[in-house]
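K.L.:
A single structure is presented below for examination.
In mature numbering (1 follows the signal peptide of the UniProt record, and there is no 0), the protein residues as written are -23 to -1, 1 to 139.
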């Protein structure tokens, strides 16, 4: 085997190795969250809820990324506030933490009016714009650059947890 073909074989084998655990969905939600009750092999969408302020610290795990995004989202208030409103957004990030392309909304609560959907969509976009760029560590940025994420946003203000 020549040196060039050995290098090529090494690169092919390296490409087949799974990404580190930092990029695995199990780390997404805190213990006690509904995702902790999902059977092995099933997927659970990371959930973004209105949360505390941003930490501003470098982000090295998925859990830290979701916590940071939660701190950026302020759902609508006043007449457009709807307890239990849910929406799902699909997006990806570059290694430097900026959003790659445009966020795509793939789900809204079926009962929500077009005005409510628009208000919640705009609140998510404003939150993402306020968070970006996320302060990824080099490892986190490299592991997740270009990877497509689905985030489930839920407005749980004034709702009881079951």
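The beta carbon of each residue, even a glycine, is placed where N, CA and C say it ideally should be.
Locate the beta strand (DSSP E) running through residue 78, then write down its first and last residues.
P.N.:
The count along the chain shown starts at 1 and reaches residue 78 at position 101. Residues 76 to 85.
K.L.:
Would you say the segment 99 to 119 touches the segment 45 to 64, given that touching needs at least three Cβ pairs under 8 Å?
P.N.:
yes
K.L.:
When you compare only the Cα positions, how much space is there between residue 120 and residue 89?
P.N.:
Sequence index remark: in the chain shown, residue 120 carries index 143 (1-based). Sequence index remark: in the chain shown, residue 89 carries index 112 (1-based). Note on geometry: alpha-carbon atoms of residue 120 and residue 89 lie some 36 Å from one another.
K.L.:
Please confirm whether residue 38 and residue 129 have their CB atoms less than 8 Å apart.
P.N.:
Here residue 38 refers to the residue found at position 61 of the chain shown. Here residue 129 refers to the residue found at position 152 of the chain shown. No, Cβ-Cβ distance for residue 38 and residue 129 is not below 8 Å.
K.L.:
Between which residues of its own chain and residue 81 is the CB-CB distance below 6 Å, once the five residues before and five after are set aside?
P.N.:
Taking the first residue of the chain shown as position 1, residue 81 is located at position 104. Closer than 6 Å at the Cβ level, and outside the excluded window around residue 81, lie 67.
K.L.:
Does the distance from the CB of residue 87 to the CB of residue 57 come in under 8 Å?
P.N.:
The residue labelled residue 87 in the question sits at position 110 within the chain shown. The residue labelled residue 57 in the question sits at position 80 within the chain shown. Not closer than 8 Å, so no.
K.L.:
Please classify residue 74 as buried or exposed, where buried requires at least 16 other C-beta atoms within 10 Å of its C-beta.
P.N.:
If you number the chain shown from 1, residue 74 lands on position 97. With 16 or more other Cβ atoms within 10 Å, it is buried.
K.L.:
Is DSSP giving residue 67 helix, strand or coil here?
P.N.:
To locate residue 67, count along the chain shown from 1; it is residue 90. DSSP places residue 67 in strand when its eight states are reduced to three.
K.L.:
Anyone know if the C-beta pair for residue 122 and residue 70 falls short of 8 Å?
P.N.:
For the purposes of this step, residue 122 is taken as the residue at position 145 of the chain shown. For the purposes of this step, residue 70 is taken as the residue at position 93 of the chain shown. Yes.
K.L.:
From 83, 113 and 135, pick the residue whose C-alpha is nearest to that of residue 35; which is it?
P.N.:
Position 58 of the chain shown, counted from the start, is the residue given in the question as residue 35. When each option's Cα is compared against that of residue 35, the closest is 113.
K.L.:
Got a sec, what are the start and stop residues for the beta strand (DSSP E) residue 127 sits in?
P.N.:
Within the chain shown, numbered from 1, the residue matching residue 127 stands at position 150. Note, residue 127: beta strand (DSSP E), 125 to 131.
K.L.:
Between residue 60 and the rest of its own chain, which residues show a CB-CB distance below 7 Å, the 5 nearest in sequence each way excluded?
P.N.:
As a working note, residue 60 is residue 83 in the chain shown. These residues qualify, in order along the chain: 132, 134, 135 and 136.
K.L.:
So residue 101 and residue 64 are in contact, right, with Cβ under 8 Å, and what is the actual spacing, rounded?
P.N.:
For the purposes of this step, residue 101 is taken as residue 124 along the chain shown, with counting starting at 1. For the purposes of this step, residue 64 is taken as residue 87 along the chain shown, with counting starting at 1. The Cβ separation is near 7 Å, so the contact holds.
K.L.:
Take the Cβ of residue 103 as the centre, count every other Cβ of all protein chains shown within 10 Å, and call the residue buried at 16 or more, exposed below.
P.N.:
Position 126 of the chain shown, counted from the first residue, corresponds to residue 103. By the neighbour-count rule (16 or more Cβ atoms within 10 Å), residue 103 is not buried but exposed.
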